[in-house]
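Be aware that the sequence shown starts at 523, since it is given in our numbering, and climbs by one per residue. C-beta: ideal position from N, C-alpha, C; glycine also. In this text the structure is predicted, and so the values were computed from the model without any measurement. The structure appears below as structure tokens.
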Amino acid sequence: MIIKKVADLTENDVTPEAIYQARRDFMQGSLTGMAGLAGLAVSANTLSAPSKIADVDLPSPEWIKQKINAASANTQSISETLTPYEHVTGHNNFYEFGYEKTDPAKKSHKFKPYPWKVTIAGEVNKPGDYTLEDILSKVQLEERIYRLRCVEAWSMVIPWIGFSLADFIKVVEPKSTAKYVSFISVERPKEMPGQASAFSSIDWPYREGLRIDEAMNPLSLMAVGLYGKILPNQNGAPLRLVVPWKYGFKSIKSIVKIEFTEKQPKTTWNMLAPDEYGFYANVNPQVDHPRWSQARERRLPSGLLSPNLIDTKMFNGYAAEVAHLYNTMDLKKYY
Ligand code: MTE
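The structure is reproduced here in structure tokens:
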């Protein structure tokens, strides 16, 4: 097996094989359907997100805009440059809307994130359906700037608006039998073309999970906004998880259900390719993906002439906060 360096990676190299195959089938299918429509092709590199944050006014109820405006300001001093808004919102992985990085921004306009509710189930004293308004009335919103490192070896620095997952977990009172937290994304094929596609190889809905001590770690964030604005559909509106020391696929979007379980829950990428994507998925430059090196990453924006390669840090630079969670574990085995 040849382990590729990040500088030599192409989009196809980092795509899980099942997805790559489905994307090829899809493209061949649409090419057949498009025969005779030559000239209508749209450049896949066009970013359809606005370039100025001031221009952004996404349709959303007044109450949530007010909540976001009232979020406590960020006091961290960070030395890394924020990834520009148009890249954060124009280069996405959200397979519910398609396989290309630009699909989520282009194809998520039909999706309606408000009103929203989240079902809390399993090993808790206070199960039930919680509206987003209800959830946000019980927690404090704040801005947090985190690095996001995708398993595909690109990364960004994003100013999120969100609340501590631990604070919300305390509200629903997990029982001592709750060892894991499972998260499920929304399933709405009528609004999400990737779910409706006959070429999709994902068993919807998208699902993820954390060990309860990971979920309770102060870094674990539930985001409802970014760059001081409401979360755009392509970034997981109206509510997503952000676990910055893990590869981006753990940061599940558009969450409709949170279940507290005794057993480790099934997770989408692990179900698709267990040899490539583990349950833990901690960012680790010493454990390569079977098909490429994880030692370095492309910090976006990056291009052919200025690839902007940087060294990947253990736990994505958050070792001081989370290394203790894995003290007794062999991270090569539990990747
Ligand atoms: N959540 C859902 N429901 N569906 C997805 O396809 N993709 C994951 C994660 N959450 C995904 C998801 C992956 S692979 C990454 S890298 C991050 O979202 C990307 O988040 P971003 O698009 O906001 O940068």
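*How big is the Cα-Cα spacing for D579 and Y636?*
So the two alpha carbons sit approximately 15 angstroms from each other.
*Where G681 sits in the DSSP three-state scheme*: Residue identity differs from the one stated: residue 681 is Pro in this sequence, not Gly. It is a strand residue.
*Under the three-state reduction of DSSP, which class applies to A643: helix, strand or coil?*
The DSSP-derived three-state label of A643 is strand.
_Quick check on the burial criterion: 16 or more other C-beta atoms within 10 angstroms. Buried or exposed for P829?_
P829 is exposed by the Cβ-count criterion.
_Whole angstroms are fine: how far does the CA of K788 sit from the CA of Y799?_
Near 12 angstroms, if we compare the C-alpha coordinates of K788 and Y799.
*Taking the C-alpha atoms as reference points, what is the distance between K639 and D651?*
So the alpha carbons of these two residues sit roughly 6 angstroms apart.
_For the ligand MTE, I want to know if F616 counts as a neighbour, meaning its beta carbon is within less than 8 angstroms of at least one of the ligand's heavy atoms._
For the ligand MTE, at least one heavy atom lies less than 8 angstroms from the Cβ of F616.
_Measuring only the C-alpha atoms, how far is S719 from W585?_
Their Cα atoms are separated by approximately 35 angstroms.
*Report all residues from its chain with a CB closer than 8 angstroms to the CB of W682; omit the five preceding and five following residues, and keep chain order.*
Only residues of its own chain outside the window of five on either side were considered, and among them E665, R666, I667, Y668, L743, A745, G747, L748, V764 have a CB closer than 8 angstroms to the CB of W682, listed in chain order.
*If you draw a straight line from the C-alpha of L741 to the C-alpha of P766, how long is it?*
Going from the Cα of L741 to the Cα of P766 covers about 7 angstroms.
*Determine the direct distance from the alpha carbon of S704 to that of E781, and round the result to whole angstroms.*
E781 and S704 have their C-alpha atoms spaced approximately 5 angstroms apart.
_Is the separation between the beta-carbon of V528 and that of R820 shorter than 9 angstroms?_
It is a contact, given that the beta carbons lie within the stated cut-off.
*Have a look at Y607, L670, P606 and flag the residue whose alpha-carbon is nearest the alpha-carbon of A803.*
Checking every option, the nearest Cα to that of A803 belongs to L670.
*For K768, count neighbouring Cβ atoms within 10 angstroms of its own Cβ and tell me buried if that reaches 16, exposed if not.*
Buried, by the Cβ-count rule.
*Taking the C-alpha atoms as reference points, what is the distance between S599 and R733?*
Spanning the alpha carbons of S599 and R733 requires a straight line of approximately 30 angstroms.
_With H, G and I counted as helix, E and B as strand and the rest as coil, what does DSSP make of N792?_
Looking at N792 - three-state DSSP - the assignment turns out to be helix.
_Length of the line joining the Cα atoms of L569 and A841_ = Residue confidence for L569 is low, a pLDDT of 42 falling below 50, so the modelled location carries little weight and cannot support an answer.
*Once you ignore the five residues that flank T699 on each side, which residues in its own chain have a CB closer than 6 angstroms to its CB?*
So the qualifying residues of the chain are E645, E784.
*asked:* If we require 3 or more residues per run, which beta strand (DSSP E) segments fall completely within the segment 594 to 678?
replied: You should have 639 to 644, 650 to 653, 664 to 671.
*Distance cut-off 8 angstroms: V610 Cβ against heavy atoms of the ligand MTE*: At a threshold of 8 angstroms, V610 counts as near the ligand MTE, since its beta carbon sits closer than that to one of the ligand's heavy atoms.
*Consider the C-beta atom of P583 and the heavy atoms of the ligand MTE; say whether any pair is separated by less than 8 angstroms.*
The nearest non-hydrogen atom of the ligand MTE is 8 angstroms or more from the C-beta of P583.
*Reference V708, options I691, I774, Q816, closest by Cα*: Distances from the CA of V708 to each of I691, I774, Q816 were compared; the closest alpha carbon is that of I774.
*Given a cut-off of 9 angstroms, decide if F837 and A759 are closer than it, judged by their beta-carbon atoms.*
Pairing A759 with F837 gives a Cβ-Cβ distance that is not under 9 angstroms.
_Measuring only the C-alpha atoms, how far is M738 from E843?_
Their Cα atoms are separated by approximately 12 angstroms.
*Compute the beta-carbon to beta-carbon distance between Q816 and T790, rounded to the nearest angstrom, for a pair I have assumed lies under 8 angstroms.*
Contact annotation, Q816 with T790: C-beta distance approximately 20 angstroms; criterion of less than 8 angstroms not satisfied.
*Under the criterion of a Cβ to heavy atom distance below 8 angstroms, does S704 qualify as lining the ligand MTE?*
No, Cβ of S704 sits at least 8 angstroms from all heavy atoms of the ligand MTE.
_Taking the alpha carbon of E608 as the reference point, which residue from L663, A592, A627 has its own alpha carbon closest?_
From the listed residues L663, A592, A627, the smallest Cα separation to E608 is found for A627.
*Close Cβ partners of L562 (< 6 angstroms) along its chain, the five nearest in sequence each way excluded*: Reliability of the predicted coordinates at L562 is poor, the pLDDT of 25 falling under 50, and no value is obtained from them.
_Just to check my reading of the structure: T641 and L822 have Cβ atoms closer than 8 angstroms, yes? What is that Cβ distance to the nearest angstrom?_
With a Cβ gap of about 34 angstroms, T641 and L822 do not count as contacting.
*asked:* Can you look up V528 in the DSSP assignment and give me helix, strand or coil?
replied: In the structure shown, the three-state DSSP call for V528 is helix.
_Between K775 and the ligand MTE, is there a pair consisting of the residue's CB and a ligand heavy atom that are separated by less than 8 angstroms?_
K775 Cβ: within cutoff of the ligand MTE.
_Coarse secondary structure for P464, derived from DSSP in three states_ = Absent from the structure is residue 464, since the part of the chain shown begins at 523 and ends at 857.
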